[in-house]
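Chains as they are written, first to last, in the working numbering: chain A, 235 to 788; chain Y, 625 to 1256. The beta-carbon is built from N, C-alpha and C at its ideal position, and this holds for glycine as well. Since we're looking at a predicted model, the values are computed, not measured. As structure tokens, the structure follows; a few thoughts come after it.
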């Protein structure tokens, strides 16, 4: 530990500067002392009533500096899309601060990340690392069906490095078969159970692309595995999240798709969800459009259109609806994959569950979904969320895949505002913590990496913090009324809105909208209060009646 | 009745606008006032009523093997696509509807035939519901600065102006008359709004007949009188709402704008709102985008941009904000005009009033505002809304833009308005429907000639009677958002597309659960609980069952849309040759034609109301012409 602290010390050229002026959105300008620590940029002033700034270095996406005379201006652009300005007198101080921030915000080593140093200041009621264990989720499944089993074939992560140690597979398929199938699927991602639809027993599976290559390689075990999920005489659907031409091109690189001749019981559908690098471009363009100062309506609409962000939302949501429709309406089982099976695949399988399964629309259920379908399923959070929309460096593996998923959930929430136990703040919170956090939940790229990093032992889980009464209260939707039905969202362009809570959050004040939310909470709480009063009066009256027979009306 | 060539056609199909595979079969009736489609499926009693006066266009398309398509576009943005099996029948319906939807004289309008079950005394009272003089006295008028002028009694000075007008105390009749001769259509500067806190006023007029160099002493005196009526201010704004080029072009026709050198202490400003023709074309283009059957996001956004509609809405709001700030923050009076002073001027004055004065954000206040700036100041409703057959170039959605500006503000300030979106949509509907007399004709003089107050009903008292439907549950008169000037944002991203109006009848596009209805039900329940608590004796009696539990409000009903792009063409268990399943052509092409039967497998989902955009809901709309049942 001390060696690591030494390392930070080397990076911090100037640990504190006085007389720094801070400008940030919707808050008064503050003058105070800027301090750099290993993980935070802190600005505190001696004035009362001013809020200190505590900014995680890992939240900083990029910085820009310029000088007017000897007055330096540093613009700090954050991964949560906020922009703050610092004014520092003295060129040397300013340059030192800027280069220190740059170095501290781009640390490569995971073990130097803040979650390893963070000690919770709250009482952990329930350790989030144990809240969503696969064996517990499987118990629920066992109560519904006996057609599936938990396999330990990937116990040591050797078969599939991006899968968890335990996966649910058809009961009749043994581990030897799984080993063979793993060699036929991209990244060893053999088909596993993603969701069981209790209503009709249909299932959704996910996998990596089959490695058919140009000469149409086949794998009998793979065919056997997925056919094992079909009812006699029934056909299933394979949803390939790539356009047909993209899937065709994948053959040249050893990938491919299921040939109809080998999978006669399956019908393949291609949908065009963009790959992760294209999505990153889309995010950058959208955020640029939102920060455009020109005030021209034409320019805004054309930049919004050119960013393709809303198109991506529509495509992802449409594909998820299609998967849900196959399961619920067509009574068919579904296999979803793209190329790696770690991005668009997970967007589709997790959104389909939001649509189909009321359980996923509760706070705990949604956490469980993120845990199962994103963290355990091997979405490479560390790579995807390394940079956000302001990054100057050329994107490598960065992409807002998870943010798009959250955006789609927000769209459904807007259309069914009373069917979710959580509110928009919960989605925004997940966005923030996926990109920069004091918690260990989103560190690493897979269950294997998380195990190697000993995250449960060394860091605090985000869920430990969220699942406390005071946080839950903030994240609970006051309008929630449990709704056991499948919810079919509209995917018409008119129905899909720009997610203001993320993309315009720092551009326009949300005061009036927040007030409306508070008003709504007030209306509902007042109603509950009165109900309690009436009920207690009613109980008193009933008691009086039993005590005093004279009160009985004849 | 003589226009109805065919009163009834059987076996007519009504297609779903989004998915033509979904259709309903029934009988089409033509009555003197309505087109009625009655679904004839067993066990379903589903009626769609369309008022003839709401019909904007009727088009007969080329016959197809399944029949002859008849497309009806309505002024409330409903679109009906019928298939009539026999071409001759379609032809007859087409001709009948064309005539019925284009009345040639005012007497044919629905308001003169609309006779709900209300006695004459009550009917007269409807017209007393709103009193503009009361609004002026609410503003504190008349006072030592502004007086009610009798100059336009009998509409002698300006026949498109109201009889009662407020003018500066110092404006003498010769000044007013002289000024009116120097203004288009005699529309001299008159008061629209007076802010009693700081004496700043909003006045309105038409353009001056200045040409290249003409002057008018009385007009200059008139403006000076307006300036003097604001004792704390040493200048005033003159806002010409037109683009500068348009105003300059008008000079060649002997019209134009004020020369700052001729008027003392004015600051002249153009705000660049386009004319009625640009607005008409823009809305047309925007509606075409709304009607696309399965547009991509790019189709939609590109279409919306190229229609220019959002830009025009922003221009109107920007102008309103400029004026509201001048009045509230600078304490400066403003004279607003365009060309004739009845389109853009009405819009901008109203938007400024809504921003400035919380009263205009109440139900009653907003009705007063429309009555003041639009009805009484002579917005040409009958021309702009095509109540009668006439010059198509006179038609323009100017009132739509006002309603949309208000809606945009409601989205930004959810607690600031006493009324809700439904209220705006109801007003929109009835501006066009001709069911009520309020908007008939083009000005006060015409309405008096038509004896509208003697022969028709008033929308305002109808809306007031149904005000529980139109109340915003988040509104509280003492809420901080309700007070003072609304500081609206006009950054482009602050504007939203108003699907509630333009895709009003595409129920599938709207949120499936209404927060507003839910909150309203909660509030009703709360009220009952309060009553129970105050009268102890009732406590034991259980809930009265008059209202549904709030949770019952959440109709959940919904069926999938066409997500498949035509993939699912049958149950997957149906055997098919392997090669017919996976033709690359059919695997990634979007085609509406091959829509699945999936949507018809309702499989136990409670409510089918989203099956088609013309569900039974449409007849339950609070602003639909339910009352017409009893009238017909």
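query: So what does DSSP say about residue 965 (chain Y), is it helix, strand or coil?; result: coil
query: Give a yes or no on whether 8 Å exceeds the smallest Cβ distance from residue 631 (chain A) to chain Y.; result: no
query: Could you say which of A:582, A:297, A:598 lies nearest to residue 607 (chain A) if we only look at CA atoms?; result: A:582
query: Give the single residue among A:261, A:257, A:282, A:292 whose Cα lies nearest to the Cα of residue 270 (chain A).; result: A:292
query: By alpha-carbon positions, which one of A:727, A:332, A:364, A:662 ends up nearest to residue 918 (chain Y)?; result: A:727
query: What's the call for residue 301 (chain A), buried or exposed, on a 16-neighbour Cβ count within 10 Å?; result: exposed
query: Check the Cβ of residue 1153 (chain Y) against every Cβ in chain A and list those closer than 8 Å, keeping chain order.; result: 761, 764, 765, 767, 768
query: Of all Cβ atoms in chain Y, is any one closer than 8 Å to the Cβ of residue 725 (chain A)?; result: yes
query: Could you spell out the range, first to last residue, of the beta strand (DSSP E) harbouring residue 940 (chain Y)?; result: No beta strand (DSSP E) holds residue 940 (chain Y); the alpha helix (DSSP H) holding it covers 933–952.
query: Using CA atoms only, rank isn't needed, just tell me which of Y:778, Y:1187, Y:1103, Y:1028 is closest to residue 1123 (chain Y).; result: Y:1028
query: At which residues does the alpha helix (DSSP H) containing residue 650 (chain Y) begin and terminate?; result: No alpha helix (DSSP H) contains residue 650 (chain Y), which is instead part of the beta strand (DSSP E) from 647–654.
query: In three-state terms, what does DSSP make of residue 691 (chain Y)?; result: strand
query: Indicate whether at least one CB of chain Y lies closer than 8 Å to the CB of residue 758 (chain A).; result: yes
query: Is there a Cβ from chain Y that is less than 8 Å from the Cβ of residue 754 (chain A)?; result: yes
query: Mind checking residue 789 (chain A): buried by the 16 CB within 10 Å criterion, or exposed?; result: Within the shown structure, residues of chain A are numbered from 235 to 788, placing residue 789 (chain A) beyond reach of any answer.
query: Could you name the residues of the same chain whose beta carbon sits closer than 7 Å to that of residue 579 (chain A), not counting the 5 residues immediately before and after it, in chain order?; result: 440, 475, 570, 571, 572
query: Under a Cβ-count criterion, where at least 16 other Cβ atoms within 10 Å of its own Cβ denotes burial, should residue 873 (chain Y) be classed as buried or exposed?; result: exposed
query: Mind checking whether residue 810 (chain Y) and residue 875 (chain Y) have CB atoms under 8 Å apart?; result: no
query: So which residues of chain Y does residue 529 (chain A) contact, with C-beta pairs closer than 8 Å?; result: 1114, 1115, 1116
query: Would residue 747 (chain A) pass as an interface residue toward chain Y - the criterion being a Cβ-Cβ separation below 8 Å?; result: yes
query: So, is residue 495 (chain A) buried or exposed, given that buried needs 16 or more other C-beta atoms within 10 angstroms?; result: exposed
query: Where residue 1015 (chain Y) and residue 668 (chain Y) are concerned, what is the direct C-alpha to C-alpha distance, given to the nearest angstrom?; result: 42 Å
query: So is residue 594 (chain A) in contact with chain Y if we call contact Cβ pairs under 8 Å?; result: no
query: Could you list which residues in chain A have their beta carbon closer than 7 Å to that of residue 922 (chain Y), in chain order?; result: 539, 545
query: Take residue 1137 (chain Y) as the anchor and find which of A:754, A:721, A:456, A:744 has the nearest alpha-carbon.; result: A:721
query: Along the chain, which unbroken stretches of the alpha helix (DSSP H) at least 4 residues long are found entirely within the region 521–565 of chain A?; result: 531–541, 543–562
query: Let me check understanding here. Comparing Cα to Cα, which of Y:1097, Y:1054, Y:1092 lies closest to residue 700 (chain Y)?; result: Y:1054
query: Is the distance from the Cβ of residue 1118 (chain Y) to the Cβ of residue 742 (chain A) below 8 Å?; result: yes
query: How would you call residue 790 (chain A), buried or exposed, if buried means at least 16 neighbouring beta carbons within 10 angstroms?; result: In the structure displayed, chain A extends from 235 to 788; residue 790 (chain A) sits before or after that span and is not available.
query: Which bits of chain A does residue 1183 (chain Y) rub up against, with CB to CB less than 8 Å?; result: 722
query: Tell me residue 800 (chain A)'s beta-bridge partners as DSSP assigns them.; result: With chain A covering 235 to 788 only, the question about residue 800 (chain A) has no answer from this structure.
query: Identify, in the order they occur along the chain, each residue of the same chain with its Cβ nearer than 8 Å to the Cβ of residue 769 (chain A), setting aside the five sequence neighbours on each side.; result: none
query: Grouping DSSP H, G and I as helix and E and B as strand, with all else coil, what is residue 683 (chain Y)?; result: strand
query: Closer than 9 Å between beta carbons: that is the criterion. Which residues of the region 364–392 of chain A meet it against chain Y?; result: none
query: Please confirm whether residue 1025 (chain Y) has its beta-carbon closer than 8 Å to some beta-carbon of chain A.; result: no
query: Quick check on the DSSP output: the beta strand (DSSP E) that includes residue 366 (chain A) runs from which residue to which?; result: First-last for residue 366 (chain A): undefined, no H or E at that position.
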